[in-house]
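Numbering (the numbering used here), first residue to last: 5 to 438.
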């Protein structure tokens with residue numbers, strides 16, 4: 005059923021806090037170019053939302069009535085991407101302005117399975133393609149949440165609000181546009197977006213938007229694992245991982261993203277505490293502008309089920325190191341059917357795990373060798389989190405903290421530093437004999 009389109013509320017400049025001086029110059033260039041060619045073009049989405057909240061946006065999106073092909077023809081520094089939703093990326097150096105064509109409503113007559121135009125649903129109701137274009141009013145209704153459906157008009161500096169998004173923004177609540185169950189069935193990732201925005205903005209999810217999530221969470225299993233990996237980065241790598249993880253658990257989503265982990269959390273007393281400690285540590289590093297990697301979070305998320313399986317294998321007589329390797333491979337192989345893990349991250353994750361047993365070494369020479377390893381620091385931090393979560397490791401964390409304080413820094417140059425120094429040497433070819 006197509007939602008009814010209400011008349012837009014126009015909010016004049018003196019009634020809102022959005023200022024042009026906080027808008028990307030490149031986004032304004034895109035808007036002015038489109039308007040100069042007779043097209044509608046407005047700033048939309050997260051940028052408008054964040055400006056209203058007093059935050060500086062990282063990304064700026066533009067909505068227009070120009071088709072993707074028309075937008076592409078106007079900007080030589082652009083390219084059309086996507087098949088499911090065709091959009092245009094206009095690049096200015098390191099900044100990317102995303103331009104979307106106003107979306108329209110679709111019905112059975114729009115179903116064209118072999119065309120990039122129109123829309124196409126799966127048998128489960130998932131929207132596989134949505135390239136039906138429409139008006140500004142229709143576009144507002146097609147957006148996901150009311151707080152993301154506010155438009156900024158550069159002509160008179162006003163806002164357009166078709167769905168009472170400003171009211172929800174002021175009340176700090178997240179509300180999906182239209183029927184929640186239908187919108188989640190069209191795109192199950194919207195459930196993850198609800199969690200992400202709730203955690204990021206510290207907004208409550210209104211009951212009608214939250215209620216269907218637990219019942220429809222299974223729909224995530226039909227989403228390509230690679231797409232869920234991209235969503236995982238947005239969920240956990242932007243500074244609100246701990247709040248996000250707790251919301252995923254509360255709304256029954258974690259078992260469809262990390263099923264083995266969810267089972268282990270029910271059985272192991274320290275599993276959830278370890279994962280939450282890793283999430284909290286990641287948030288701290290983001291706040292301090294320190295480097296982070298998904299490998300560390302994957303190591304924490306998959307460690308509990310891996311240890312469970314390792315113990316089962318050891319009970320059957322498999323040596324500890326071999327059991328850990330086999331258990332890790334098994335859990336990871338199962339996990340990638342739900343949410344993919346690129347090899348560069350899974351390899352680092354395995355190194356962090358394997359070092360946990362090697363950190364039992366406490367002798368001076370052996371400890372120096374371990375501290376030279378590239379993943380030592382990550383493995384040491386992981387060891388501390390295991391102790392912090394309540395696991396009894398016989399004081400290993402204090403031992404390794406003391407060892408690092410006692411040994412001179414020059415004695416523990418990492419492999420990476422040594423390799424970089426070697427690569428920096430100049431090599432001159434030997435002279436050929438006359």
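Idealized CB from N, CA, C, for every residue including glycine.
Predicted model, so just to flag it, every value in this text is computed and none were measured.
DSSP beta-bridge partners of residue i
i           : result
residue 104 : 67
residue 154 : 165
residue 177 : 208
residue 91  : 85
residue 214 : For residue 214, which the question treats as bridged, DSSP gives no partner whatsoever.
residue 37  : According to DSSP, which records beta bridges pairwise, residue 37 is partnered with nothing at all.
residue 137 : 107
residue 31  : For residue 31, which the question treats as bridged, DSSP gives no partner whatsoever.
residue 99  : 96
Extent of the continuous alpha helix (DSSP H) to which residue i belongs
i           : result
residue 201 : 193-205
residue 78  : 72-78
residue 230 : 229-240
residue 269 : 263-271
residue 60  : It is not in any alpha helix (DSSP H) - residue 60 carries neither H nor E in the DSSP assignment.
residue 284 : 275-291
residue 187 : 184-190
residue 253 : 245-254
Buried versus exposed call for residue i [16 or more other C-beta atoms within 10 Å across all chains shown]
i           : result
residue 314 : buried
residue 265 : buried
residue 254 : exposed
residue 23  : exposed
residue 59  : exposed
residue 54  : buried
residue 370 : exposed
residue 149 : buried
residue 73  : exposed
residue 260 : buried
residue 29  : exposed
residue 363 : buried
residue 308 : buried
residue 156 : buried
Nonlocal neighbours in the same chain, by C-beta distance under 7 Å from residue i, ignoring five residues either side
i           : result
residue 238 : 200
residue 213 : 178, 179, 180, 184, 198
residue 401 : 387, 388, 391
residue 169 : 150, 151, 153, 154
First and last residue of the uninterrupted beta strand (DSSP E) at residue i
i          : result
residue 13 : 13-15
residue 48 : 45-48
Close-in-space but distant-in-sequence residues of the same chain around residue i (CB under 8 Å, 5 per side omitted)
i           : result
residue 240 : 248, 249, 283, 286, 298, 301
residue 78  : 37, 38, 41, 70
residue 262 : 305, 306, 339, 342, 343
residue 231 : 193
residue 109 : 6, 136, 138, 142, 145, 146
residue 66  : 31, 34, 35, 38, 45, 46, 47, 48, 101, 102, 103, 104
residue 21  : 55, 56, 58
Heavy atom of the ligand ATP within 7 Å of residue i beta-carbon
i           : result
residue 234 : Of ligands this structure carries none, so the ligand ATP is not represented either.
Nonlocal neighbours in the same chain, by C-beta distance under 6 Å from residue i, ignoring five residues either side
i           : result
residue 358 : none
residue 195 : 188, 217
residue 233 : 343, 344
residue 92  : 72, 75, 76, 82, 84, 103
residue 119 : In this predicted model, residue 119 has a pLDDT of only 44, less than 50, meaning its place in the structure is not dependable enough to derive any value.
residue 63  : none
CB contact check: residue i to chain B, cutoff 8 Å
i           : result
residue 330 : Although the question refers to chain B, the structure presented lacks it and comprises just one protein chain.
With a floor of 4 residues, list each alpha helix (DSSP H) that falls wholly inside the segment 366-408, ordered by position along the chain. 368-375, 380-392
Those runs of the beta strand (DSSP E) which lie wholly inside the segment 295-356 and span at least 3 residues: none
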